[in-house]
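Everything on this sheet refers to the single structure shown next.
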Amino acid sequence: MGRIARYTRRTFLVGTAALAGGVAFGIWEKLRVLPNPLKPEEGAATLNPYLIVGADGITVIAPRAEMGQGVQSTLAALVAEELDMDPVSLTVLHGPPAQVYYNGALLSGHATYRDTATPGLFEAAADALSEIMPKALSLQVTGGSTSMVDGFEKMRIAGAAARETLKRAGAARLGVGVDALQTRDGAVVAPDGRKLSYGALAGEAAALDLPKSVELRPQSAWKYLGRDTPRADTLAKSTGTARFGADMRLPGMRFATVRICPRLGAGMVSFDASAAEAMPGVEKVLDLGDGIAVVATNTWLAMQAAEAVEIVWEEAPYPPTTEALERDIAAALDGKANTVFRESGDVAAALGSGEVVRAEYRVPYLAHATMEPMNATAWLRDGALDIWCGVQAPLLARDRAAKVAGLKAGDVTVHVPFLGGGFGRRTEPDAAVLAARVAVQMPGVPVKVMWSREEDMTHDFYRPGAVARMAGVVRDGRAEAFDAHIAAPSVSRQSTARIVGFAPPGPDKLHLDGAIDQPYGIANKRISGYLADVAVPVGFWRSVAASFNGFFHESFIDELAHAAGADPLRFRLDLIAPVHAPSAQVLETVARMSDWANKPPGVGRGVAFTWSFGTAVAEVIEVRDSPDGIRLTNAWIACDVGTALNPRNIRTQMQGALIYGLSAAMGGEITFDGGEVEQANFPDYDALRMNTAPRIEVEVLQNNVRMGGVGEPGTPPSMPALANALFDLTGKRARVLPLSRSFDFAL
Amino acid sequence: MSFFLSVNGTPHDVALPEEVPLLWVLRDELGLTGTKYGCGIGACGACTVHINGEARRACQVALGDVDGPVTTIEGLGTPENPAIIQRAWLASQVPQCGYCQSGQIMQAASLLARNPNPDDAEIDDAMAGNLCRCGTYKQIRAAIHEAARLMREG
Ligand code: FES
Ligand code: FES
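Chains as they are written, first to last, in the working numbering: chain A, 1 to 747; chain B, 1001 to 1154.
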């Protein structure tokens, strides 16, 4: 039997959230009564905040931004499963920004944080930052790979509640008892074969109270979930008809672009727009204080004119060169640790008891480089502001835009079209806010503000540069001690400060994601985090801190394996198997997939494992020398996501996350000179292409007891797996990313 | 000054300076937003269209230099009546965010017009200029093979 879920209409979402996460947190009381944000058209009944049942069909309001991860289709499938209808027959819309869509998994802190922990293995610390930040971000965020974790029960309960209510409406109409009715293909069906479509029953269903409890379909009865169901957005995205933010068109709309101070966070001393104003198509050059906007009749004309504006910028509020920034980050290691996780044993004693392996690693700042550059369209009329922007946190964008426009939040509406890639970049509201600032100076006129690629790349919230000093001891082929000291600017602190105005002191656990909680049974293990106070804007980059910690952790595990004279995969397996069986199983699986034991001659292979966002991922990368340089020939991924709702989608997310990580590891770096980012466009910050990407195979396991994230966990192990493969091929250990500094890749 | 342009079989008179790239004529002037802006310097392929049946980067062709009929993704097929290659894209469930896919499809369509049965190396070679930040290359390759098969079978 399915699980019984209880709720009442008034507390519907609160109730389901409590069921889904067992959550209890500070802003609970405030969220108790949640207004329904949907105002359905006449004749359509809103059964609950996730569904509109109308005469012409069922619309699922998927409360998560679609940025390529297939989230809307899978959330819709959760509803469709309970409604006994093909998900493809549902219409999927992105929900309006409203608190009912708050992300419970994100709110509960790092909901997946202690998942691998066997009791007593790790020591938790009070964590002021990770309590405040999710609250600050509580607003309908698509991030942290939490969408499915959060929606898994809510969406199914929504579907089941709708089904039961429609059945009751149908029972009255058909004169049959509710228990005798079935639901099939979007209709309520009587035993004698008579049927009424959901749409036909919508009006009557709306008048009924929702049931007090519903039974969810047991997993064994699933017809759509757990299968490779097609995505709802494929046709639109294959015919050029999917609307992204950049594709917005409104009557009388103007096309604008911006040039904001390239010394991030600084302002503008002066500007001269006289040449620009005389250029064709230019209507206005606006003073934004920290930069300018050109409003024109065509985006390209606006971009040309923006280049022609002569601007004197202020100095950067941070050290102006990469060398100086790296020095400041490394210097944090000499200060006091922000957090020390003594995961096991006595590291100091263990380090004194044997020959110590030491290594220092360094990774650069990275840009997101979403395929669609930042943009937003804004229209201020009659005291109301409409914004169209691909954002991962629309309520935050709304509140920020309201502030700069001098409006109440209720007078601002944020519409979320498809996102041309997010990767964390679009959690920041800056593009929406900038468009609002332009709109305020152009009252009555809709303006699309399109950033150039150069503006996008040089005005990111970057993955921070980071440094790690590692020490370890091996004995009898095993790791005996593992000591990591990791320094980077704090993403949590900066983003919390941006959102709520201050960054609370205290331990920053997020900074150590991907280093702590790794299910390695090492007798003496300690992870220390150090926060560097550097004002270069940093933000959430696919897998966040795990993107550097995965590299540090797994490169060093590889070095320890080498020092121990052990096979690097066997070495990991021996340490992991006693701690966490699902993690050991992904390692065993990737060993089988890659035929690890029978490495072909002439290739290098590397393995890495990272637990992040509640998902265990092991990856093997294979490299080979060629006359043109080193090629990435093959990659194998085994992951365990707990429950796989759409396996194909999970495979493609893992594959994409691997390519994203490998692209960064091979050639990605953001460097600074004169306080300005030196990379401007793809030739300076390229990514794997079809001819340089490896062949990738993915297997999805479901041994873990809880559902994990899908969009991010494939990234962290990709970088160390590649570095380890290059070591295997060449005998050269690269401890600094990008790897193109140390190796010649075939391009 | 105005320029004559044939796009997806429809004639247009466009009153814009001759140096405006075709990309921004299509997107802003004609409202054909299926063709995307990714880099503006010929480095990503998001803006790929056909001119005289050849794949070209629309961000690199000035309005004044357009020397033949233009086909954009909208002219290849529609949601109601997708072209064979678009059906192959559906079958292989290629897109993730989808932003690069118009360009990928236009590039692939021109490859298949020249070479109805490309092997993996030929596909990799033809598609190397089209970036996909979501990393859908495997599905793109599969879709091109699928499209070739569908075309062979008529
Ligand atoms: S926009 Fe034309 S190649 Fe990138
Ligand atoms: S599908 Fe997102 S960039 Fe290709």
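Every residue gets a Cβ at the ideal spot worked out from N, C-alpha and C, and that includes glycine.
Subject >> C-alpha gap between Asp1065(B) and Leu93(A), whole angstroms >> reply: Indexing the second sequence from 1 puts residue 1065(B) at position 65. Indexing the first sequence from 1 puts residue 93(A) at position 93. Their Cα atoms are separated by approximately 41 Å.
**OP:** Could you tell me which of Asn649(A), Ala545(A), Gly240(A), Pro317(A) sits nearest to Met268(A), measuring between CA atoms?
**Re:** To locate residue 268(A), count along the first sequence from 1; it is residue 268. Closest option to Met268(A), Cα to Cα, is Pro317(A).
Subject >> Residues of the segment 1029 to 1047 of chain B with Cβ closer than 9 Å to any Cβ of chain A, in chain order >> reply: Glu1029, Gly1031, Leu1032, Thr1033, Gly1034, Thr1035, Lys1036, Tyr1037, Gly1038, Cys1039, Gly1040, Ile1041, Ala1043, Cys1044, Ala1046
Original post:
From the beta carbon of Gly240(A), is the nearest beta carbon of chain B less than 8 Å away?
Top reply: Residue 240(A) sits at position 240 when you count from the first residue of the first sequence. Yes, its Cβ sits closer than 8 Å to a Cβ of chain B.
Original post:
Taking the runs of the alpha helix (DSSP H) that are 4 residues or longer, which of them lie wholly in the segment 484 to 535 of chain A?
Top reply: 491 to 500
Subject >> Partner residues on chain A for Arg1114(B), Cβ-Cβ distance less than 8 Å >> reply: As a position in the second sequence, residue 1114(B) is number 114, starting the count at 1. Here the premise fails: no neighbours, minimum Cβ distance about 17 Å.
Original post:
Are the CB atoms of Ile1105(B) and Leu1150(B) nearer to each other than 8 Å?
Top reply: The residue you call residue 1105(B) lines up with position 105 of the second sequence. The residue you call residue 1150(B) lines up with position 150 of the second sequence. Their beta carbons are not under 8 Å apart, which means Ile1105(B) does not touch Leu1150(B) by this criterion.
Original post:
At a Cβ threshold of 8 Å, is Ser452(A) touching chain B?
Top reply: Here the question's residue 452(A) lines up with position 452 in the first sequence. Yes, Ser452(A) counts as interfacial toward chain B.
Original post:
Counting contacts by CB-CB distance shorter than 8 Å, is Gly237(A) in contact with chain B?
Top reply: Locating residue 237(A) in the first sequence gives position 237, where the first residue counts as 1. It should be pointed out that residue 237(A) corresponds to Lys in this sequence rather than to Gly. Residue contact check for Lys237(A) against chain B: a CB pair falls below 8 Å.
**OP:** Kindly indicate if chain B contains any beta-carbon less than 8 Å away from that of Phe682(A).
**Re:** Along the first sequence, read from residue 1 onward, the residue named residue 682(A) stands at position 682. Cβ-Cβ to chain B under 8 Å: yes for Phe682(A).
Subject >> Against chain B: residues of the segment 414 to 434 of chain A by CB proximity under 7 Å >> reply: Phe418, Leu419, Gly420, Gly421
**OP:** Kindly identify the DSSP beta-bridge partner or partners of Thr427(A).
**Re:** Working through the first sequence from its first residue, we reach residue 427(A) at position 427. None; Thr427(A) has no bridge partner.
Original post:
Under the rule that 16 or more other beta-carbon atoms within 10 Å means buried, what is Glu1018(B), buried or exposed?
Top reply: What you label residue 1018(B) is simply residue 18 of the second sequence in a count that begins at 1. The Cβ neighbour count for Glu1018(B), taken over all protein chains shown within 10 Å, is under 16; the residue is labelled exposed.
Subject >> Residues sharing a beta bridge with Thr715(A), DSSP >> reply: Along the first sequence, one-based indexing puts residue 715(A) at 715. Thr715(A) has no beta-bridge partner at all, per DSSP.
Original post:
Would the segment 480 to 489 of chain A and the segment 281 to 294 of chain A be scored as touching if the rule is three or more Cβ pairs under 8 Å?
Top reply: No, they do not touch.
**OP:** Look up Gly421(A) in the DSSP assignment and say whether it is helix, strand or coil.
**Re:** Counting from 1 along the first sequence, the entry for residue 421(A) is found at position 421. Note: Gly421(A) maps to coil in three-state DSSP.
Original post:
Does any heavy atom of ligand 1 sit closer than 7 Å to the C-beta of Leu1023(B)?
Top reply: Numbered from its first residue, the second sequence carries residue 1023(B) at position 23. Result yes, Cβ under 7 Å from ligand 1.
Original post:
How close, in whole Å, do the beta carbons of Thr1048(B) and Gly1103(B) come, if the pair is a contact with beta carbons under 8 Å?
Top reply: On the second sequence, residue 1048(B) is found 48 positions in, with the first residue counted as 1. On the second sequence, residue 1103(B) is found 103 positions in, with the first residue counted as 1. By a beta-carbon distance limit of 8 Å, Thr1048(B) contacts Gly1103(B). Their separation comes to about 4 Å.
Original post:
So, does the CB of Met1127(B) fall closer than 8 Å to a CB anywhere in chain A?
Top reply: As a working note, residue 1127(B) is residue 127 in the second sequence. Chain A contact via Cβ: present.
Subject >> Cβ pair Ser1175(B), Asp1013(B) closer than 8 Å >> reply: Lying before the first or after the last residue shown, residue 1175(B) is absent from chain B, which here runs from 1001 to 1154.
Original post:
If you measure from the CB of Arg1133(B), is any heavy atom of ligand 2 nearer than 7 Å?
Top reply: Residue mapping note: residue 1133(B) aligns to position 133 of the second sequence, counting from 1. For ligand 2, at least one heavy atom lies less than 7 Å from the Cβ of Arg1133(B).
Original post:
Between which two residues does the alpha helix (DSSP H) carrying Thr458(A) extend?
Top reply: Numbered from its first residue, the first sequence carries residue 458(A) at position 458. Looking at the DSSP string, the run of the alpha helix (DSSP H) that includes Thr458(A) is 453 to 458.
**OP:** Give the DSSP-derived three-state secondary structure of His580(A) in the structure shown.
**Re:** As a working mapping, residue 580(A) is identified with position 580 in the first sequence. Coil at His580(A), not helix or strand.
**OP:** Express the C-alpha separation of Glu215(A) and Ser1092(B) in angstroms, rounding to a whole number.
**Re:** Walking along the second sequence from the start, residue 1092(B) turns up at place 92. Walking along the first sequence from the start, residue 215(A) turns up at place 215. Spanning the two alpha carbons is a distance of roughly 35 Å.
Original post:
Just to confirm, are Asp460(A) and His368(A) a CB contact at a threshold of 8 Å?
Top reply: For this step, residue 460(A) is matched to residue 460 along the first sequence. For this step, residue 368(A) is matched to residue 368 along the first sequence. Yes, the Cβ-Cβ distance between Asp460(A) and His368(A) is below 8 Å.
**OP:** Counting only the same chain and skipping the five closest in sequence on each side, list residues whose C-beta sits under 8 Å from that of Gln679(A).
**Re:** Taking the first residue of the first sequence as 1, we reach residue 679(A) at position 679. Once the five neighbours on either side are set aside, the close Cβ partners of Gln679(A) are Ala367, Met457, Thr458, Glu669, Ile670, Thr671, Tyr685.
**OP:** Kindly examine ligand 2 and report whether one of its heavy atoms sits closer than 7 Å to the Cβ of Met719(A).
**Re:** Translated into positions along the first sequence, residue 719(A) becomes position 719. The answer is no for Met719(A).
Subject >> C-alpha distance - Thr322(A) paired with Gln1096(B), whole-angstrom precision >> reply: What you label residue 322(A) is simply residue 322 of the first sequence in a count that begins at 1. What you label residue 1096(B) is simply residue 96 of the second sequence in a count that begins at 1. Each residue's Cα considered, the two are about 34 Å apart.
Original post:
Anyone know if the C-beta pair for Arg194(A) and Val445(A) falls short of 8 Å?
Top reply: On the first sequence, position 194 is the one that residue 194(A) refers to. On the first sequence, position 445 is the one that residue 445(A) refers to. Going by C-beta atoms, Arg194(A) is not nearer than 8 Å to Val445(A).
Original post:
With 16 as the cutoff for other CB atoms within 10 Å, does Asn1117(B) come out buried or exposed?
Top reply: As a working mapping, residue 1117(B) is identified with position 117 in the second sequence. Asn1117(B) is exposed by the Cβ-count criterion.
Original post:
By the 10 Å Cβ neighbour count, where 16 or more other Cβ atoms means buried, how is Arg689(A) classified, buried or exposed?
Top reply: Taking the first residue of the first sequence as position 1, residue 689(A) is located at position 689. Flag for Arg689(A) reads buried.
Original post:
I think Arg733(A) touches Glu559(A), with their Cβ atoms under 8 Å apart; what is that distance to the nearest whole Å?
Top reply: Position 733 of the first sequence, counted from the start, is the residue given in the question as residue 733(A). Position 559 of the first sequence, counted from the start, is the residue given in the question as residue 559(A). About 7 Å separates the two Cβ atoms, so the contact holds.
Subject >> Cα-Cα separation between Ala616(A) and Glu697(A), rounded to whole angstroms >> reply: For the purposes of this step, residue 616(A) is taken as the residue at position 616 of the first sequence. For the purposes of this step, residue 697(A) is taken as the residue at position 697 of the first sequence. One Cα belongs to Ala616(A), the other to Glu697(A), and the distance between them is close to 16 Å.
**OP:** Grab me the residues of Cys261(A)'s own chain with a C-beta within less than 7 Å of its C-beta, minus the 5 sequence neighbours each way, in chain order.
**Re:** As a first step, residue 261(A) is located in the first sequence; it is residue number 261 there, counting from the start. Closer than 7 Å at the Cβ level, and outside the excluded window around Cys261(A), lie Gly267, Met268, Asp290, Gly291, Trp313, Glu314.
**OP:** For Thr339(A), write down the residues that DSSP places opposite it in a beta bridge.
**Re:** Residue mapping note: residue 339(A) aligns to position 339 of the first sequence, counting from 1. Its beta-bridge partners are Gly529(A).
Subject >> Thr715(A) beta carbon less than 8 Å from that of Ser495(A) >> reply: Here residue 495(A) is taken as the residue at index 495 of the first sequence, counted from 1. Here residue 715(A) is taken as the residue at index 715 of the first sequence, counted from 1. In terms of Cβ geometry, Ser495(A) and Thr715(A) do not form a close pair [threshold 8 Å].
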